[in-house]
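Have a look at the structure below, then the notes.
Protein chains: 2
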Amino acid sequence: MIVGGGFGGLAAAHALAKAEAEVALFDRHNHHLFQPLLYQVATAALSPGNIAAPIRKILSRQKNCDVIMAEVTDVDVDARTVTVIDQPYAYDYLILAAGACTEYFGNDRWSAAAPGLKTISEAIDVRCRFLLAFEQAEIETDEAARRAALTFAIVGAGPTGVEMAGAMAEISRQTLRADFRHLDTSTVRIMLIDAADRVLPTFAPQLSQRAGRDLESLGVELLLGTTVVDVDDAGLAIEGAEGRRRIDAAQVIWAAGVRGVPLGEQLGGEIDRGGRVIVSDDLSIPGHPEVFVVGDLARRVDPLSKKPVPGVAQGAIQMGRFAGRTVAVEISARQRGKPPPERRVFVYRDRGSMATIGRNKAIAEVRGLRFGGFPAFLAWALIHILFLIGFRNRLIVMTEWIWMFLTFGRGVRLITGEDRVPRPVRPPPDPRLVGRERIPPATLPSRRR
Amino acid sequence: MIVGGGFGGLAAAHALAKAEAEVALFDRHNHHLFQPLLYQVATAALSPGNIAAPIRKILSRQKNCDVIMAEVTDVDVDARTVTVIDQPYAYDYLILAAGACTEYFGNDRWSAAAPGLKTISEAIDVRCRFLLAFEQAEIETDEAARRAALTFAIVGAGPTGVEMAGAMAEISRQTLRADFRHLDTSTVRIMLIDAADRVLPTFAPQLSQRAGRDLESLGVELLLGTTVVDVDDAGLAIEGAEGRRRIDAAQVIWAAGVRGVPLGEQLGGEIDRGGRVIVSDDLSIPGHPEVFVVGDLARRVDPLSKKPVPGVAQGAIQMGRFAGRTVAVEISARQRGKPPPERRVFVYRDRGSMATIGRNKAIAEVRGLRFGGFPAFLAWALIHILFLIGFRNRLIVMTEWIWMFLTFGRGVRLITGEDRVPRPVRPPPDPRLVGRERIPPATLPSRRR
Chain A
9 MIVGGGFGGL AAAHALAKAE AEVALFDRHN HHLFQPLLYQ VATAALSPGN
59 IAAPIRKILS RQKNCDVIMA EVTDVDVDAR TVTVIDQPYA YDYLILAAGA
109 CTEYFGNDRW SAAAPGLKTI SEAIDVRCRF LLAFEQAEIE TDEAARRAAL
159 TFAIVGAGPT GVEMAGAMAE ISRQTLRADF RHLDTSTVRI MLIDAADRVL
209 PTFAPQLSQR AGRDLESLGV ELLLGTTVVD VDDAGLAIEG AEGRRRIDAA
259 QVIWAAGVRG VPLGEQLGGE IDRGGRVIVS DDLSIPGHPE VFVVGDLARR
309 VDPLSKKPVP GVAQGAIQMG RFAGRTVAVE ISARQRGKPP PERRVFVYRD
359 RGSMATIGRN KAIAEVRGLR FGGFPAFLAW ALIHILFLIG FRNRLIVMTE
409 WIWMFLTFGR GVRLITGEDR VPRPVRPPPD PRLVGRERIP PATLPSRRR
Chain B
9 MIVGGGFGGL AAAHALAKAE AEVALFDRHN HHLFQPLLYQ VATAALSPGN
59 IAAPIRKILS RQKNCDVIMA EVTDVDVDAR TVTVIDQPYA YDYLILAAGA
109 CTEYFGNDRW SAAAPGLKTI SEAIDVRCRF LLAFEQAEIE TDEAARRAAL
159 TFAIVGAGPT GVEMAGAMAE ISRQTLRADF RHLDTSTVRI MLIDAADRVL
209 PTFAPQLSQR AGRDLESLGV ELLLGTTVVD VDDAGLAIEG AEGRRRIDAA
259 QVIWAAGVRG VPLGEQLGGE IDRGGRVIVS DDLSIPGHPE VFVVGDLARR
309 VDPLSKKPVP GVAQGAIQMG RFAGRTVAVE ISARQRGKPP PERRVFVYRD
359 RGSMATIGRN KAIAEVRGLR FGGFPAFLAW ALIHILFLIG FRNRLIVMTE
409 WIWMFLTFGR GVRLITGEDR VPRPVRPPPD PRLVGRERIP PATLPSRRR
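Protein sequence lines, in the order shown, are assigned to chains A and B. Here the first sequence stands for residues 9 to 457, where the numbers follow the numbering used here. Here the second sequence stands for residues 9 to 457, where the numbers follow the numbering used here.
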C-alpha cells in the first residue's frame, strides 16, 4: 500500500511495476502535482493543467497498481491497517509518502490571510489576489489604500519564496506596465522577509549573495534578519534590527516552512521538530520493517554527508524508488521460497540544486560546481521540463516559456471566481477623470441636455 | 462608455480606436472569455487560460480606451449615467454589451444542482464534478449508487448541449476507459434532453438528423420531446411521451437557455421574453439615440431575412462594430463642426453556423451549403482557432487539439478544491478486493502475525 501520489509515491509504484503483488496507491487528489513549478501557476505563467497529471493516467499501464482517490485518515502499524473512508484496509507493506503541509509555527490563524503554496487551489488563490490588487490600485484614488494595494510580502527566502518574489517583481515591472494606465508599476513594493541573514541559506554564501543582488536588481526589498510577528487581511507586522513595524499589504504569501503531515505522528515512532518521521537506514521505521516512510514526510540524515536528505523532488524520488525496490525484492524472494536478503542502506545522491530568480537570473550548485546567470537559468529550465510528467505537458510548458521569454508576457492572467471584484476605498469620481493622467481631455460636444 | 468585454464590447472598442474620444470599457471580469470553447474547459480538453485573455491586455495599445474591472449595477438613460461601485458615471454615448446569463425559466432554485456554462468558474465546477463522478464510481460497491454516479444529464440540445454531450461521451468511452479498472465505461449514460423534436433546431432538419445520428453513435441517449420538471442534487425528473419519470444522476448540466442580463430592463424600453432589449434599425433604443445595445442582450430582427440576429459571436461582433463606428462617425462630424450623418440600418451578414459533436463529427451550414463529417470538423476547428484572441492562445489550443486528436487524451483532467473527494455509499471492503475483477489474487506470504 502506497499513500501519496507525489514524487515519492509514484517512484515507489514504478519500482513495484514487475512485482507479483497488488499495489494500491491512495491520494486525496486525482492528480500528481509538479510542485517545483507551482509558483509559476501562482504568478500567471502556467495553467494548473500544465504541471499536473492524473495519477491513474500516469499508472494506467501498470496493471498491478490500483489508484484510489481517497484520504488515508489513520494508520495502525500494529494492526497493519490504514483507515480510508472510515474503514480499515489491511496491508502487508506500507510505503508512506504523504508529504508535508505548510507550517505556521503555531500561528495557524495566519493561514487564511497568508496562504502557502502546496496545492493548485492555493496557487490559483494567490494568482487571483495578486492580479486583483492591481485592478484595485488602478481605480483607487485614496493614496494610502493604493499604496497598500501595490504592496506584497513574501515570508520565507527559500527557493519558493525567492522564485515567487522574483516572478512577482518581473510581472509588476514588465508584463503589467503597459496594461495599467493609472498606476505607476515602479511604485509596486515586493518584500521578501526571512529571519535568516541571507536568501537561499541552503546554498553556498556566494550564491546567496548573487541571488540577493539579482532580486534587488528586480526591485525586490530584502528584509533579512526579520521575523513576522503578526498577519491579518490588511497586512503584517514584522520585527527586525530597526524594531517592530506594521506594513499594510494587499497580500502576504507564506513560504516560510513546511511540516510533515499529521499522519506521521500516528506511526508511534520518533518525530523531529518539523513533524518528519525519523527513519532507519532502510527507510523503514524502528520495529516495523514493513512500514517505509519516504519523501518530505521522512527525516533521514545521510550517513556520509551527515546532512539530512533535502525536501526536494530528487530526495523523494530516490527514497520512493529505494523503498519500492526493497519491497519488490522481498516479495519475489518469498515467492521463490527464499529468505528475504539483508536490507541495504539508503544513500542519497545529491544531483545538485538550483533556483531561478527571473529571466536569465538563476543560481546552480552541481557537484561542487557553482554558477549563475543565463547558464543556470537555461539548466534550470531544461531540468524542470525534463522532470515534468507527460510529453504533452513538456511541450506546452516549453512553448509557454519560449513565448514568455520572447514577449515578457504572462499567459494566464485570469481572475476567476464571481466574488472577486475590486472594492476601492475611494473610487474615481468619473471615468473621464480616471483617464486624466494619460488621456487628453475629450473635445466632445457639451452634453445635449 | 462600453459595458461588457465580450465580443460585442471589444468590437465596439476597436471601432472607436481612432476616435478622438475617451472610451471607458467596464467588465466585472478582468478577462475576455471565448465562450464557444468553454465546453472544452468543462470537458478537460483545454485550460481556462487557453480561451481567455485579459481585456486590458487586448486593448493595451488602444490609448483612448480605459479598461475598468467593475460591475455596472444601474443605468439611468435620462440622467445619462451608469452606476459603478455605488457611484454615478456620466456618458455621452453608451454601448451596452453586457450579454446574457443562464435562464432556468422560473426555476432558479435548480441553478445550484444544474450549473450553466457561462463562466470559467462554472466550467471548472462542471469538469470537477464530472471527473469526480468516475472516481466515485470506481470505489462504489453499491450498484444503484454506482449506476447513478455514471449517469449524466444535459438539458438543452442547442450547440452547447450537443457539444457537451458529444465530448462527455468521448471522454467516457475513450479517454477514461484504460484508466479505471473497476468500472465498465460502456455503462456510462449520457442523456441529452430537449423539449424540441430534434437536436440543433436552428439548423436544417437533415443536419439535425445527422448530428443526432452522430450523437447516438457516440452512445448519447437522446430524450427529445421531453421536458425537465424537477432538478435536485441527486438527479432530475423528466416528462415525455412515456410519461413522467425520475433519473438519478451524478450531474445535471443546464444548456437549455439564456436570458439577457437584468441591466437591460433598466433602459425602460421594450424587452422580449428572453430579457433581450428590442433595438431600432441603428441598434439604439427608441428615444435614446446615444444608447446602443449589442450582442446577446439585444433583440434585433433582420429586415431582410426577418430572422433575429442569432446569439453567436458573429452577431455580437457585427453589432458591436456597427455601434462603435456609428459613434465614431458622429463624434468626428461634430468635432469638424458638421451635423452628424443620417444613421445607417444594421444588416446582419450570416457567415454560416457550425457545431461539432466529436472527433470527425460536425455539421456546418455556410451560405446554403450544408456539409458534415471531417470537412465540417476541420472547418470548425480552423475557424475557432482563428477567432481566438492572441497568437499564444491559438498556438497552444492548436497544439492541444492535435495532441488530443492523435492520442484521444484530454490534457486537463484535474479535480481541484480540497473538499472534492469521493464519498461512496458503500466503499469497497479492502483494496485487494477492489482489484478483484482485474488483478490476480496476490501470492504474498500470509501476514506475519
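Note that the Cβ used here is the ideal one computed from N, Cα and C, for glycine as well. Given the structure is predicted, the values throughout are model-derived calculations rather than measurements.
In chain order, what residues of the same chain lie with their CB nearer than 7 Å to the CB of T193 of chain B, ignoring the 5 residues before and after it? For T193 of chain B, where only same-chain residues beyond five positions count, the Cβ hits under 7 Å are S180, R181, L184 and R185.
Look up A450 of chain B in the DSSP assignment and say whether it is helix, strand or coil. Low per-residue confidence applies at A450 of chain B: pLDDT is 34, beneath 50, and the placement is therefore not dependable enough to give any value.
On the three-state DSSP scale, how would you describe P62 of chain A? P62 of chain A falls in the strand class under three-state DSSP.
Sort out for me which residues DSSP pairs S292 of chain A with in a bridge. A:F300
Can you tell me whether L386 of chain B is buried or exposed, with buried defined as 16 or more other CB within 10 angstroms of its CB? The residue in question, L386 of chain B, is exposed, as its Cβ has fewer than 16 Cβ neighbours within 10 Å.
May I ask you to report which of helix, strand or coil DSSP gives E445 of chain B? With a pLDDT of 42 at E445 of chain B, under the threshold of 50, the modelled position of this residue cannot be trusted; read the value that follows with caution. In the structure shown, E445 of chain B sits in coil (DSSP, three-state: anything other than H, G, I, E or B).
Does the region 422-430 of chain A touch the region 64-75 of chain B, meaning 3 or more C-beta pairs lie closer than 8 Å? No contact exists between the region 64-75 of chain B and the region 422-430 of chain A.
Determine, for M406 of chain A, whether the minimum Cβ-Cβ distance to residues of chain B falls below 8 Å. no
Enclosing beta strand (DSSP E) for Q43 of chain B [first to last residue]: Q43 of chain B -> no beta strand (DSSP E), and no H or E assigned at all.
Between which two residues does the beta strand (DSSP E) holding Q326 of chain B run? Not the beta strand (DSSP E): Q326 of chain B falls in the alpha helix (DSSP H), residues A321 to Q343.
For A173 of chain A and A204 of chain B, what's the separation of their Cα atoms in angstroms? 56 Å
Interface residues of the region 370-403 of chain A facing chain B [CB-CB below 7 Å]: Those residues of the region 370-403 of chain A that come within reach of chain B (Cβ to Cβ, closer than 7 Å) are R400 and L403.
Out of A:V335, A:W409 and A:L390, state which residue places its alpha-carbon closest to the alpha-carbon of E28 of chain A. Closest in C-alpha terms to E28 of chain A, from the list A:V335, A:W409 and A:L390, comes A:V335.
Measuring only the C-alpha atoms, how far is E79 of chain A from R36 of chain A? 5 Å
Let's see if you can read the secondary structure: which residues bound the alpha helix (DSSP H) around F382 of chain A? G381 to F395
What does DSSP give as the partner residues of E229 of chain B in its beta bridges? Bridge partners of E229 of chain B: B:M199.
Assuming G248 of chain A is part of the beta strand (DSSP E), what are its boundary residues? G243 to G248
Host alpha helix (DSSP H) of V405 of chain B (start-end): F399 to T415
Are the beta-carbon atoms of P62 of chain B and D133 of chain A separated by less than 8 Å? no
W217 of chain A to V266 of chain A, Cα distance in whole Å? Checking the displayed sequence, the identity of residue 217 of chain A turns out to be Gln instead of Trp. Cα to Cα, Q217 of chain A sits roughly 24 Å from V266 of chain A.
From the DSSP output, read off the bridge partner residues of Y97 of chain B. Within the DSSP secondary-structure output, Y97 of chain B pairs in a beta bridge with B:V90.
For G248 of chain A, go through chain B and note every residue whose CB falls closer than 7 Å to its CB, in chain order. Those within 7 Å of G248 of chain A in chain B number zero; the least Cβ separation is about 34 Å.
Candidates B:A242, B:A21, B:H39 and B:G57, of which the one nearest A161 of chain B by Cα: A161 of chain B has its Cα closest to that of B:A242, out of B:A242, B:A21, B:H39 and B:G57.
Relative to chain B, which residues along the region 17-43 of chain A have a C-beta separation below 8 Å, given in chain order? E28, A29, E30, A32, R36, H37, N38 and H39
Where D222 of chain B falls, given that 16 or more other Cβ within 10 Å makes a residue buried: buried
Determine the extent of the beta strand (DSSP E) in which I132 of chain A is found, giving its start and end residues. I132 of chain A -> not in any beta strand (DSSP E); alpha helix (DSSP H) instead, spanning I128 to E146.
DSSP puts R69 of chain B in a beta bridge; with which residues? Looking at the DSSP assignment, R69 of chain B forms no beta bridge with any residue, so it has no partner.
If you follow the alpha helix (DSSP H) that S34 of chain B is part of, which residue opens it and which one closes it? Sequence inspection shows Phe at residue 34 of chain B; the Ser mentioned does not correspond to that position. Here F34 of chain B belongs to no alpha helix (DSSP H); instead the beta strand (DSSP E) covers V31 to D35.
Using a beta-carbon distance below 8 Å, is K65 of chain A in contact with chain B? yes
What do you reckon, are the CB atoms on A321 of chain A and V302 of chain A nearer than 8 Å? No, they are not a contact pair.
How far does the alpha helix (DSSP H) with A173 of chain A in it reach, from first residue to last? P167 to E178
Per the contact definition of three or more C-beta pairs closer than 8 Å, is the region 338-354 of chain B in contact with the region 288-302 of chain B? The region 288-302 of chain B makes contact with the region 338-354 of chain B; the number of CB pairs closer than 8 Å reaches 3 or more.
Does chain B have any CB closer than 8 Å to the CB of Q322 of chain A? No Cβ of chain B is located within less than 8 Å of the beta carbon of Q322 of chain A.
Rank A:A156, A:P349, A:V163 and A:E350 by C-alpha distance to the C-alpha of D256 of chain A and give the top, closest one. Among A:A156, A:P349, A:V163 and A:E350, the Cα nearest to that of D256 of chain A belongs to A:A156.
Let me check understanding here. Comparing Cα to Cα, which of A:V196, A:G398, A:R402 and A:I365 lies closest to A384 of chain A? A:I365
Under a CB-based cut-off of 8 Å, is L452 of chain B close to chain A? Because the pLDDT at L452 of chain B is just 32, under 50, the model does not fix this residue reliably, and the point stays unresolved.
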